[in-house]
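Novice:
There are 2 protein chains.
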Amino acid sequence: MTLVESSFAIIAEPHRRAILSLLLSSERSVGELEHELQLSQPSVSKHLRVLREAGFVESRIEAQRRLYRLRPEPLMELDAWLVPFRRFWSKHVDALEQHLDKMEEAPPVKGKKKHEKP
Amino acid sequence: MTLVESSFAIIAEPHRRAILSLLLSSERSVGELEHELQLSQPSVSKHLRVLREAGFVESRIEAQRRLYRLRPEPLMELDAWLVPFRRFWSKHVDALEQHLDKMEEAPPVKGKKKHEKP
DNA sequence: CGTTCATATACCCGTCAAGTCATATTCGAG
DNA sequence: CTCGAATATGACTTGACGGGTATATGAACG
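These protein sequence lines map, in sequence, to chains Z and L.
4 is the number of the first residue of the first sequence in the working numbering; add one for each residue after it.
4 is the number of the first residue of the second sequence in the working numbering; add one for each residue after it.
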């Protein structure tokens with residue numbers, strides 16, 4: 004089944020990303036996730052299986068419930084892939100910031116700025 | 004077509020990741036990518052279309068060729084998504100290191116990994 | 001113009017993943 | 001031991017995506 008190779012394919016699924024985000028704050032049972040995601044229980048279980056087999060989460064048994072929680076490794080892998088690109092765009096951002104700095108010359112902001120997307 | 008919404012779904016495709024990695028070093032024509040990826044020209048063009056429409060790349064016309072190059076924004080978005088998770092796992096790595104530090108007080112391991120704290 | 005090179009688009013096909021429904025499993029309570 | 005709650009698994013359907021072949025578009029140049 005699920006021959007999903009890469010961690011990338013795994014987080015491509017919006018519901019799975021949602022699960023990971025939810026688990027960020029605390030571990031949860033399948034039922035809780037089902038409720039928060041507005042998704043059928045079998046679907047949630049399947050996503051959890053995929054996530055578990057890929058090492059994104061692990062489960063703990065408490066009575067009849069399974070409590071799922073995050074595991075860091077696979078996400079660190081993703082992060083690692085981004086490293087060279089980060090180097091790439093930091094150049095660009097520097098250029099952009101220089102440009103912006105030239106355009107606006109007054110705002111007393113503390114620290115560095117962030118950008119927005121349209 | 005390709006109703007691929009998120010940037011995540013886009014980089015889930017191995018060939019597309021390969022294209023991005025190649026463009027990291029320099030811009031390339033479709034033909035060059037075709038050769039380097041061992042993929043048919045139409046396939047390459049399609050991937051480039053997806054990447055272009057999602058803002059990952061942009062093209063420049065030079066005679067009959069199209070030269071594609073990277074654009075930083077979408078990847079920065081991905082990176083942004085990872086931020087809270089980074090906070091999460093940095094805790095864990097710290098814990099793991101403390102644990103390891105306690106267990107091994109001398110064993111012959113090559114090097115210790117270090118990382119920063121913000 | 002017509003030809004050739006470079007790329008884009010159209011159409012078709014096979015595969016695979018995500019969802020649903022139904023059923024199995026496991027545990028705790030009474 | 002039986003029942004019900006919580007979760008997992010299986011069978012099946014459906015739709016999207018990636019790949020390929022064939023064809024269109026368009027630029028350069030004789």
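Heads up, the beta-carbon is just placed ideally off N, CA and C, and yes, glycines get one too.
Nothing here was measured: the structure is a model prediction, and the numbers come from that model.
Measuring only the C-alpha atoms, how far is residue 16(Z) from residue 26(L)?
Specialist: Mapped onto the first sequence, residue 16(Z) falls at position 13. Mapped onto the second sequence, residue 26(L) falls at position 23. About 26 Å.
Novice: Just how far apart, CA to CA, sit residue 34(Z) and residue 44(Z)?
Specialist: The count along the first sequence starts at 1 and reaches residue 34(Z) at position 31. The count along the first sequence starts at 1 and reaches residue 44(Z) at position 41. Computed Cα separation, rounded: 7 Å.
Novice: How is the beta strand (DSSP E) around residue 16(Z) delimited, first residue to last?
Specialist: Against the first sequence, residue 16(Z) aligns to sequence position 13. Segment: none, residue 16(Z) is in no beta strand (DSSP E) and carries neither H nor E.
Novice: Per DSSP, residue 72(Z) forms a beta bridge with which residues?
Specialist: Your numbering for residue 72(Z) matches position 69 in the first sequence. DSSP lists 61(Z) as partners of residue 72(Z).
Novice: Taking DSSP as the reference, what is the three-state secondary structure of residue 9(Z)?
Specialist: Taking the first sequence and counting its residues from 1, the one referred to as residue 9(Z) is at position 6. DSSP places residue 9(Z) in coil when its eight states are reduced to three.
Novice: Measuring alpha carbon to alpha carbon, tell me which residue in 30(Z), 88(Z) and 40(Z) is nearest residue 21(Z).
Specialist: As a position in the first sequence, residue 21(Z) is number 18, starting the count at 1. For residue 21(Z), the nearest C-alpha among the options comes from 40(Z).
Novice: At a Cβ threshold of 8 Å, is residue 14(L) touching chain Z?
Specialist: Here residue 14(L) refers to the residue found at position 11 when the second sequence is read from its first residue. It does: the Cβ of residue 14(L) has a partner Cβ on chain Z nearer than 8 Å.
Novice: Less than 8 Å between CB atoms is the rule here; does residue 85(L) satisfy it with respect to chain Z?
Specialist: Here the question's residue 85(L) lines up with position 82 in the second sequence. Yes, because at least one Cβ of chain Z sits closer than 8 Å to the Cβ of residue 85(L).
Novice: Tell me, which residues are paired with residue 31(Z) by DSSP?
Specialist: What you label residue 31(Z) is simply residue 28 of the first sequence in a count that begins at 1. Bridge partners of residue 31(Z): 71(Z).
Novice: Compare the C-alpha of residue 94(Z) against each of 76(L), 97(L), 64(L) and 52(L) and name the closest.
Specialist: In the first sequence, the residue the question calls residue 94(Z) occupies position 91. Among 76(L), 97(L), 64(L) and 52(L), the Cα nearest to that of residue 94(Z) belongs to 76(L).
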